[in-house]
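Just add 4 to the spot in the sequence shown (first one is 1) and you have my numbering.
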Amino acid sequence: MATGSDSHALEHRLQALEERLAFQEHALEQLSQALAEARAEEAANALRLHRALEELRELRRALALQPAVGDAASEPPPPHY
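Structure follows, in structure tokens:
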């Protein structure tokens, strides 16, 4: 048979476990939100990188189609000469 002291100790242990569980649930929710934000940011960065690479490809194509303008030999010397 449980005494008053045993009952009090059991109640204290149960309360401590409930507090720990609440803390862990809160931490898990924060981690879940942080992971969702990181995944969204990664997706946005991947899209930016894709767009930048596509723009670079377009610039390279445009430069390849244009004839070279000017000749280094026909340029005046730099001012320090």
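For every residue, glycine included, the Cβ atom is placed at its ideal position computed from N, Cα and C.
Assign residue i to one of three DSSP states: helix, strand, or coil.
i	result
residue 54	helix
residue 70	coil
residue 79	coil
residue 84	coil
Taking the alpha-carbon positions, what's the residue i to residue j distance?
i	j	result
residue 7	residue 37	45 Å
residue 45	residue 55	15 Å
residue 11	residue 30	29 Å
residue 28	residue 18	15 Å
residue 60	residue 79	28 Å
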